[in-house]
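Data block below; observations after.
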Amino acid sequence: MIDANPAAFLRSLFDRAVAVADPMQSLAGFLPPRPAGRVVVVGAGKASARMAEAVEAVWGQCEGLVITRYGYARPCAGIEIIEAAHPVPDQSGAKATARMLSLLESLGEGDFVLALISGGASALLVAPSEGVTLAQKQQVNAALLASGAPIDRMNTVRKHLSRVKGGQLAAAAYPARMLALMISDVPRDDPAFIGSGPTVGDASTPANALAILRDWSVPAPASVTAALSRPSGVVVPDDPRLSRTTNIIYAAPAQSLHAAAELARAGGAEVRILGDAIEGEARDVAASMAAEALRLQSVRKPADPPLVLLSGGELTVTRRGAGIGGPNAEFCLGLVLALKGAAGIHAIACDTDGIDGAAEVAGAIIGPDTLAKAAALGLDPAAALAANDAHSFFGKIGAQVVTGPTLTNVNDFRAILIV
């Protein structure tokens, strides 16, 4: 199968990586028996509606409220699912967040909260700091997304402009007990940065957030800089209000990479995992990985099995052109240019949530004939990369990977195949 259809083989690896992170397959083993008394389920993220569905499959009908991205709702018997905007927050998310905080603030010491947190919660949980409007929060969020700043830097700013992130969701539920189950979509699986850590304390300061805006040249309204010039509501890690909260990451990028590696080995390939927390500008990482792929190809022997290089993490795109960016598509386009049509090297790069940047496309698949296909259509890949327009480029040559909502999110998935 590998030699006969490299693209199908690569797609099967991606599909396996997504499948093992499906909450319906992976969450039940981390649920305790349903507690006695009042149980409330809350959550936010692109996978959180699916997580809620998985919870009710085990516990039965539950009270609660979960916020997910438009198009990502799932049928639940008792948990209310509200859709809102991602990656830039909207009024629907703000109204739902206010309701969630009110619900949690009504709870007492004998009550139990299950919080379901996944990637996307940073945009879906919306409660701007005092003096900051939703429109101003949207402006800063959009500028952060275009800046190329790493996810941990972006989420530090988001926390200090929020009344729900940085442990404040858990603090609102105190003195109720809380168990937060998380799917990690961040490098190094730091729970403080999954969805901007609504159930996790944070030692950063508003001054740190201001420095990030300055370092990444992110324009901000005067009300935002004023908000970051005074203490925020972010909860420090040793705050007593977090003493009854337990945070567990039950699905992470490494698990998905290992599942894909098992499938590749079963198909007869040798596998090397380059890392599950790779960061950097997408085109720069592509150039580096292309050089490594070419080096490995140069020392291969005719009898060697196919070699698969797997990696995860979260790449970034600094948008300078008129395109919509998308780190996985931009990685693939950078790889195409660096490989220069090298025979025997194929690759896939996709976001496991099915959305690459702001595009309703997971990513792309490339091969030795990608440049020839582009030339036949009169396309200029270098110009497309300069314009941050990789999605349009791959759409025109029929190389996009479109999954629709995957209902999970364990960050980017990349596989380079050398045959």
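Everything in the sequence shown is counted per UniProt numbering, starting at 1 for the first residue and increasing by one.
Ideal Cβ positions, reconstructed from N, Cα and C, are used throughout, including at glycine.
All figures in this text were calculated on a predicted structure; none of them were measured in a lab.
- Item | Length of the line joining the Cα atoms of A277 and A251 | 14 Å
- Task: Can you say whether V299 is buried or exposed, counting buried as having 16 or more other CB atoms within 10 angstroms of its CB?
- Result: V299 is classed as exposed because its beta carbon has fewer than 16 other beta carbons within 10 Å across all chains shown.
- Item | C-alpha gap between S229 and V317, whole angstroms | So the two alpha carbons sit approximately 29 Å from each other.
- Query: Mapping DSSP to helix, strand and coil, what is I2?
  - Reply: coil
- In three-state terms, what does DSSP make of D215? helix
- Task: Would you identify the three-state DSSP class for I345, choosing helix, strand or coil?
- Result: strand
- Query: Would you call the region 200-210 and the region 231-247 in contact, with 3 or more CB pairs under 8 Å?
  - Reply: yes
- Of all the options R295, L257, M182 and A290, which has the alpha carbon lying nearest to the alpha carbon of P23? M182
- Item | Cut-off 7 Å between Cβ atoms - residues of its own chain near R319, not counting five sequence neighbours on either side | A146, G325 and N388
- Query: How should P187 be labelled, buried or exposed, when 16 other C-beta atoms within 10 angstroms of its C-beta is the threshold for buried?
  - Reply: buried
- Leaving out five residues on either side along the sequence, give the residues of the same chain with a beta carbon under 6 Å from the beta carbon of A28. V58
- Inspect the CB distances between the region 149-161 and the region 78-92 and report whether three or more fall short of 8 Å. no
- How big is the Cα-Cα spacing for residue 436 and H160? As shown, the chain starts at 1 and ends at 419. That puts residue 436 outside it, with no answer to give.
- Message: So, for D90: in the same chain, excluding its five sequence neighbours on each side, which residues have a beta-carbon less than 7 Å away from its beta-carbon?
- Response: A84
- Which whole-angstrom value is the C-beta distance of D189 and I249, which I expect to be below 8 Å? 6 Å
- Helix, strand or coil for S129, going by three-state DSSP, please let me know. coil
- Where V41 sits in the DSSP three-state scheme: V41 falls in the strand class under three-state DSSP.
- Task: Could you tell me if D412 is buried or exposed, where buried requires 16 or more neighbouring beta carbons within 10 angstroms of its beta carbon?
- Result: buried
- Message: Between L213, A180 and V66, which has its C-alpha nearest P32's C-alpha?
- Response: A180
- Item | Rounded Cβ spacing between I167 and D239 (contact assumed at less than 8 Å) | First, the amino acid is wrong: residue 167 is Gly here, not Ile. A Cβ-Cβ separation of about 7 Å places G167 in contact with D239 under the 8 Å criterion.
- From the DSSP output, in three-state form, read off Q400 for me. Strand, per DSSP.
- Which term fits L377, buried or exposed, when burial requires 16 or more other beta carbons within 10 angstroms of its beta carbon? Exposed.
- Are A115 and V157 closer than 8 Å when you measure CB to CB? Result no, Cβ atoms of A115 and V157 do not sit closer than 8 Å.
- Message: Would V42 and L13 qualify as a contact pair, given that the criterion is a beta-carbon distance under 8 Å?
- Response: no
- Message: Does R272 pass the burial test, meaning 16 or more other C-beta atoms within 10 Å, or should it be called exposed?
- Response: Counting Cβ neighbours within 10 Å, R272 comes out exposed, since fewer than 16 surround it.
- Distance, Cα to Cα, D380 vs G313? 28 Å
- Item | Span of the alpha helix (DSSP H) around V157 | For V157, the uninterrupted alpha helix (DSSP H) run begins and ends at I151 to H160, by DSSP.
- Query: Going by beta carbon distance, what residues of the same chain come within less than 6 Å of E109, once the five residues before and after it are set aside?
  - Reply: For E109, where only same-chain residues beyond five positions count, the Cβ hits under 6 Å are P175.
- Task: Leaving out five residues on either side along the sequence, give the residues of the same chain with a beta carbon under 6 Å from the beta carbon of C332.
- Result: A349, A364 and I366
- Going by DSSP, what residues sit across from A247 in a beta bridge? The sequence given here places Asn at residue 247; Ala does not occur at that position. N247 pairs with A180.
- Message: Distance check for G60 and G280, CA to CA, integer angstroms please.
- Response: 43 Å
- Query: Buried or exposed: which applies to S48, given that a residue is buried once 16 or more other Cβ atoms fall within 10 Å of its Cβ?
  - Reply: buried
- Beta-carbon gap between Q297 and V20 smaller than 8 Å: no
- Beta-carbon proximity of L101 to V164, cut-off 8 Å: yes
- Message: With the cut-off set at 8 Å, would you say A17 and S129 are in Cβ contact?
- Response: no
- Are L417 and V336 close, meaning C-beta to C-beta below 8 Å? no
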